[in-house]
Amino acid sequence: MQAMTSTQSPSRHLWADFVRNIGILLVILGHVSGMVVQRLDKIPVGDWMAGNVYNVIARACVPLLFMVSGALLLPRQESLGDFYRKRFQRVIFPFIFWSVLYMLWNNAGYQNYTIINAIKTMGIYILVAPAEYHLWFMYELFGVYMLTPLFRKAVDSRREDLLWYFVAIWFLFGPLKRLFQFLTPYEVIFDLGYLNGYIGYFVLGYLLTRIPTGKWMIWASGAVYLLSAVFTGYMTFYYFQTRPGMTTYYQYLLGINIVFLSVSAYILLKAAGDAIFSVPRPRLEKFAVGLTSASFGMYLVHVFVLNFVRVNLVSPVDSPSVYTIPLVTATVFLISWVIIAILQKIPILRSLVA
240 MQAMTSTQSP
250 SRHLWADFVR
260 NIGILLVILG
270 HVSGMVVQRL
280 DKIPVGDWMA
290 GNVYNVIARA
300 CVPLLFMVSG
310 ALLLPRQESL
320 GDFYRKRFQR
330 VIFPFIFWSV
340 LYMLWNNAGY
350 QNYTIINAIK
360 TMGIYILVAP
370 AEYHLWFMYE
380 LFGVYMLTPL
390 FRKAVDSRRE
400 DLLWYFVAIW
410 FLFGPLKRLF
420 QFLTPYEVIF
430 DLGYLNGYIG
440 YFVLGYLLTR
450 IPTGKWMIWA
460 SGAVYLLSAV
470 FTGYMTFYYF
480 QTRPGMTTYY
490 QYLLGINIVF
500 LSVSAYILLK
510 AAGDAIFSVP
520 RPRLEKFAVG
530 LTSASFGMYL
540 VHVFVLNFVR
550 VNLVSPVDSP
560 SVYTIPLVTA
570 TVFLISWVII
580 AILQKIPILR
590 SLVA
């Protein structure tokens, strides 16, 4: 995707560029602050509390990316063949390329394999597990793409009631079911499988753009975001002290508290993006579009960069983390952007990062 001004692309949703870029920044912030949150017994409580606050802010990261993708992809008109050709060409080759790079980086023992055995081992590994922790997102993305044409039928037929019905079912058998199982000793046998996952955010992202964002909605979203953030931060701290193994529920991106946090953040950021770009801002628009074109590659490369920065420059667990976490986040963000900007200028590599 090439950078362009609003005069070149009058129909471009600049608010979506804004939300996506914030989402990528929050992904990095989440991974940086997570290094601190996981070490309550090894760092001062004040540093851990700072990490917890940053981590709560970052929790909306991936839901934001799914929601903005749904807002852009579901109303788009294209044939089934064109959709799969475009989406999988843009995703499958970068996914394989970066998976192999991370496997080579994490497993120095491949030099003892024959080429055939190494390829076979890597292929099997890619099928059963992400090569690096952040690549789980790619597996979810493939599933969302597989289901997108089905939801487009409801959009094309102007049956938003069906989409809201799906969201209600998703919420009932996803976030609410998980909450029930967390609070009680009972295991609910009803399971919708993949439909319980991130596809709910994808559909919600489209539906929320269909609702006018008035002042009341912005204020309500602000209140929901604040309450959800405070609740998540407090419960994470409480369970880390009393029952460390139970904290994952309150950090889980499909937990009910994170759903409210993410949806309210999406509404607020969309409103902010609309306000920022309500008047022509050619330089800012070009900046936002250029950053968006690099965001996919930045997501893929940032773990390489984070590990380099952590080992060779500054670690987020260094005290005081209230400063080191944003410093490391900004450093990783900028270095990742520079790397992808350079790779985008190399024709043979452009398709692997754009």
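Each residue of the sequence shown is one higher than the one before, counting from 240 in this note's numbering. No residue lacks a Cβ here, since even glycine has one placed at the ideal position from N, Cα and C.
Val284: member of the alpha helix (DSSP H) spanning Val284 to Ala297, first to last residue. Here the alpha carbon of Ser575 sits roughly 11 angstroms from the alpha carbon of Val548.
Excluding residues up to 5 positions away in sequence, Phe476 lie with their Cβ nearer than 8 angstroms to the Cβ of Met288 in the same chain.
Membership of Asp400 in the alpha helix (DSSP H) is indicated by the continuous run Glu399 to Phe410. Residue environment for Asn551: exposed (fewer than 16 other C-beta atoms within 10 angstroms of its C-beta). Assignment of Pro555 by DSSP, reduced to helix, strand and coil, places it in the coil class. Ala310 is positioned such that its CB atom lies closer than 8 angstroms to that of Ala255. With a cutoff of 8 angstroms on beta-carbon distance, Pro555 and Val567 are scored as near each other. Rounded to the nearest angstrom, the gap between the Cα atoms of Phe479 and Thr486 is 6 angstroms.
If you look at Ser503, you'll find it in the alpha helix (DSSP H) that goes Ile495 to Ile515. By the Cβ-count criterion, Asp430 is exposed, with fewer than 16 other Cβ atoms from all chains shown falling within 10 Å of its own Cβ. For Leu253 and Val544, the gap between their C-alpha atoms comes out near 28 angstroms. Within a 10 Å sphere around the beta-carbon of Trp455 sit fewer than 16 other beta-carbons, which makes this residue exposed. When the alpha-carbon of Tyr491 is set against those of Glu426, Met474, Ile585 and Thr481, the nearest one is in Met474. Between Tyr464 and Ala504, the CB-CB gap stays under 8 angstroms.
Shown here for Trp375: same chain residues with a beta carbon closer than 8 angstroms to its own, the five before and five after excluded, namely Pro369 in chain order. The beta carbon of Val498 sits closer than 6 angstroms to the beta carbons of Pro414 from its chain, once the five residues preceding and following it are set aside; these are given in chain order.
DSSP, read as helix, strand or coil, puts Pro414 in helix. Pairing Phe441 with Val502 gives a Cβ-Cβ distance that is not under 8 angstroms.
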